[in-house]
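Here is the structure we will look at.
Set out below in structure tokens:
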């Protein structure tokens, strides 16, 4: 995991994303590419006749804000003993991140943080990026101050193509984990048994522990989060279930619930 893409945006999750990116880069000796995107719709306004035009005043204000954010982040990065660079793009944020992340090993984004404070929320782009990106997306929850890349990891397993794909894509991430816990939900049907996942990891020199977790009336998402908490996991790895209908990304219920409720970083791979 040598190439990290970090989403730069002036929102309440920026400090948390940066902290996680720095911890991950130190653990893997990785390079961080900071990607700052200015959405076109932020400086396009309408006229009384239904037309659209770019507001130079808004554009200047946004440019000044972006420059201030860049200067602040760069000052922090210069104080760290890591490799990094900076890219800027205009347009749709999700599209830009997917494009810039074609050769990234992981993309770092924030989940929504509704009702926390007056600072702008992180952009609601995790679903689009997770479904379309070729690399896993590490989703940082509110309140995260650090990331332990060597901590225990919970791997959600239901035998699906998405689960198998997420396992393959996250091998370098799992390799540093002190423990890998493969979790299946007791009443969640599995096409491929969890032992297959354990054997796959063993062939790559990694030990793992198998757990069948009872659902006990909870949602699958809540069961996974409870398992992660009880096992003191530093992150939860799973396949991103969903598909794209033209421009609307439709997530599966488990993925959607985890993005709404997770208090532990999520590593999603589609």
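In the numbering used here, the protein residues as written are 78 to 347. Yeah, the Cβ is synthetic: ideal placement off N, Cα and C, and Gly gets one too.
Straight-line Cα distance separating residue j from residue i
i	j	result
residue 212	residue 303	26 Å
residue 188	residue 297	19 Å
residue 147	residue 82	15 Å
residue 285	residue 344	18 Å
residue 209	residue 276	29 Å
residue 105	residue 133	43 Å
residue 257	residue 135	49 Å
residue 283	residue 252	7 Å
residue 159	residue 254	21 Å
residue 316	residue 138	39 Å
residue 216	residue 274	23 Å
residue 235	residue 171	28 Å
residue 246	residue 144	34 Å
residue 342	residue 178	19 Å
residue 300	residue 219	20 Å
residue 242	residue 227	22 Å
residue 92	residue 190	13 Å
residue 337	residue 151	30 Å
residue 116	residue 198	15 Å
residue 313	residue 168	31 Å
Contacts around residue i, its chain only, beta-carbon distance under 6 Å, and the 5 residues preceding and following it disregarded
i	result
residue 80	108, 181, 182
residue 249	78
residue 161	109, 154
residue 278	285
residue 260	231, 233, 288, 290, 304
residue 323	Confidence at residue 323 is low in this model, with a pLDDT of 41, below 50, so its placement is unreliable and the value that follows should be read with caution. Excluding positions up to five away in sequence, the list is empty.
residue 163	111
Close beta carbons around residue i, own chain, < 7 Å, minus the five adjacent residues each side
i	result
residue 307	none
residue 157	99
residue 196	88, 89
residue 229	254, 255, 256, 258, 308, 309, 310, 311
residue 102	81, 109, 159
residue 214	184, 186, 203, 206, 207, 345
Residue i, buried or exposed, once every other Cβ within 10 Å from all chains shown has been counted against 16
i	result
residue 272	exposed
residue 113	buried
residue 94	buried
residue 294	exposed
residue 311	buried
residue 335	buried
residue 262	buried
residue 238	exposed
residue 340	exposed
residue 140	exposed
residue 270	exposed
Residues that residue i bridges to, as DSSP identifies them
i	result
residue 286	258
residue 237	Bridge partners of residue 237: none, in fact.
residue 217	187
residue 230	257, 312
residue 81	109, 183
Span of the alpha helix (DSSP H), counted from its first residue to its last, around residue i
i	result
residue 222	Where residue 222 is concerned, there is no enclosing alpha helix (DSSP H), given that its DSSP letter is neither H nor E.
residue 113	Residue 113 -> not in any alpha helix (DSSP H); beta strand (DSSP E) instead, spanning 108-115.
residue 86	Note, residue 86: premise wrong, no alpha helix (DSSP H); not H, not E.
residue 276	271-280
residue 200	Note, residue 200: premise wrong, no alpha helix (DSSP H); not H, not E.
residue 305	297-307
residue 332	330-338
residue 249	248-252
residue 140	133-155
Residue i: first and last residue of the uninterrupted beta strand (DSSP E) it sits in
i	result
residue 315	312-316
residue 166	160-167
residue 181	Looking at the DSSP string, residue 181 is not in any beta strand (DSSP E), and its letter there is neither H nor E.
residue 345	343-346
Own chain partners of residue i with C-beta closer than 8 Å, once the 5 adjacent residues on each side are dropped
i	result
residue 174	82, 84, 112, 114, 184, 186, 202, 206, 210
residue 176	166
residue 96	221, 222, 223, 224
residue 281	248, 252
residue 142	87
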